[in-house]
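J.:
In the working numbering, the protein residues as written are 1 to 327.
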């Protein structure tokens, strides 16, 4: 087995609201190995981005990290001080946010922003310029010399996303977190970004956590996938195993909602009902009210993530007749 770059154990993130405590991330555990792409998928609002923000210690009030451990390079990131965590961000773990225009400073040039992170490390300005220049070329930006002098509003959305990827890879992080990296991009640009990320992770050897609701992206880039629902991680496995043998009813319904090239299967299926109010205390499975295979115990006891096949984990009472090895 490859070495683990990061190991998240029982991560919990709560938001204190007037309606009660919202358990946005509820005892989520997974790991990512060296050179691996791990995809975290699920509907909007299921806790994917909050999980990433928790890993990076970027949760702000009224949110709190209420429990868990995030082991990275022999340290628990959740026990680091703000100053220590600042040194980890960018240098050891890079993060690409959903909207690159919000992440780039509008009053500084592309080149200046790429060089800034390098010069923080006391790097010579000439050397920083060359590394930034070479990285823009690596992320397939044309006319690099001109783009180094451009401002964020002067380039396209696809180019801004490439710049953000390049900016994060400039410092050669061991882990890259990409939060919906192709949101708001057209299909051809999306394909280019996915191909680029595949090429760069092979070249630089970074582990990647990609957050998306698009199973098409998962199929193109991921090695393993984790499915989230209502703050819980409900299924984890190799991407081919999840696609070929989905175990959780929610994962199966997500698969049936995927559009196909032919119309032989008729209309796309939808998942009936709505996501439960996470501020309300629930004894059983969060998916019980929407599950077509709900059992009596599903409303009485929350299922735990168990190994149902080699390397394939599922949190569902229907699958508890499997190998029953806890993670």
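Glycine included, each C-beta is placed from N, C-alpha and C at the ideal position.
(1) Could you pull the DSSP bridge partners for residue 23 from this structure?
(2) Would DSSP call residue 9 helix, strand or coil?
(3) Just verifying my parser: in three-state terms, what is the DSSP assignment at residue 66?
(4) Classify residue 312 as buried or exposed, calling it buried when 16 or more other Cβ atoms lie within 10 Å of its own Cβ.
(5) Would you mind working out which of 8, 317, 85 and 227 sits nearest residue 298, comparing C-alpha positions?
(6) Does residue 212 come out as helix, strand or coil in the three-state DSSP assignment?
(7) With a CB to CB cut of under 6 Å and the five nearest residues on each side skipped, what residues in its chain are close to residue 43?
(8) Got a sec, what are the start and stop residues for the alpha helix (DSSP H) residue 88 sits in?
(9) For a test of the three-state rule: what should DSSP assign to residue 46, helix, strand or coil?
(10) Can you tell me where the beta strand (DSSP E) holding residue 172 begins and where it ends?
(11) Which residues in the same chain as residue 151 place their Cβ atom closer than 8 Å to its Cβ, once the five residues preceding and following it in sequence are excluded?
(12) Counting along the chain, where does the beta strand (DSSP E) carrying residue 237 start and finish?
(13) Using a Cβ-Cβ cutoff of less than 7 Å, which residues in the same chain neighbour residue 131 once the five nearest sequence positions on both sides are dropped?
(14) For residue 307, which of helix, strand or coil comes out of DSSP?
(15) Looking only at its chain, what residues have a beta carbon closer than 6 Å to the beta carbon of residue 167, apart from the 5 residues adjacent to it on each side?
(16) Would the segment 209-227 count as touching the segment 67-85 if we require 3 or more Cβ pairs under 8 Å?
(17) Given that a residue counts as buried once 16 or more other Cβ atoms are within 10 Å of its Cβ, and exposed if not, what is residue 206?
(18) Measuring straight from C-alpha to C-alpha, what distance separates residue 156 and residue 189?
(19) From which residue to which residue does the alpha helix (DSSP H) around residue 192 run?
(20) Quick one: grab the DSSP three-state call for residue 158.
(21) Considering Cα atoms alone, identify which of 13, 16 and 45 is closest to residue 227.
(22) Measuring CB to CB, does residue 193 end up less than 8 Å from residue 37?
(23) Give the DSSP bridge partners of residue 94, in chain order.
(24) For a test of the three-state rule: what should DSSP assign to residue 226, helix, strand or coil?
(25) If residue 65 and residue 54 are in contact, beta carbons under 8 Å, what's the gap, nearest whole angstrom?
(26) Roughly how many angstroms separate the alpha carbons of residue 87 and residue 8, rounded to a whole number?
(27) Note down the Cα distance separating residue 158 from residue 201, rounded to an integer number of angstroms.
(28) Please name the residue or residues paired with residue 41 in a DSSP beta bridge.
(29) May I have the straight-line CA-CA distance separating residue 142 from residue 148, to the nearest angstrom?
(30) Does the separation of the CB atoms of residue 139 and residue 162 fall below 8 Å?
(31) Mind checking residue 126: buried by the 16 CB within 10 Å criterion, or exposed?
(32) Taking only three categories from DSSP, how would you classify residue 361?
(33) Excluding sequence positions up to five away, which residues of its chain have a Cβ less than 8 Å from the Cβ of residue 261?
(34) Give the straight-line distance between the Cα atoms of residue 233 and residue 29, rounded to the nearest whole angstrom.
T.: Judging by the given coordinates:
(1) 14
(2) strand
(3) strand
(4) buried
(5) 317
(6) strand
(7) none
(8) 82-88
(9) coil
(10) Where residue 172 is concerned, there is no enclosing beta strand (DSSP E), given that its DSSP letter is neither H nor E.
(11) 106, 107, 108, 109 and 110
(12) 232-238
(13) 118 and 170
(14) strand
(15) 114
(16) no
(17) buried
(18) 11 Å
(19) 187-204
(20) helix
(21) 45
(22) no
(23) 176
(24) strand
(25) 5 Å
(26) 20 Å
(27) 19 Å
(28) 212 and 227
(29) 11 Å
(30) yes
(31) exposed
(32) In the structure as shown, the chain begins at 1 and stops at 327. Residue 361 is therefore absent and cannot be evaluated.
(33) Legend: pLDDT at residue 261 = 49, less than 50; position of this residue unreliable, value from coordinates given subsequently. The answer is none, since no qualifying residue turns up.
(34) 7 Å
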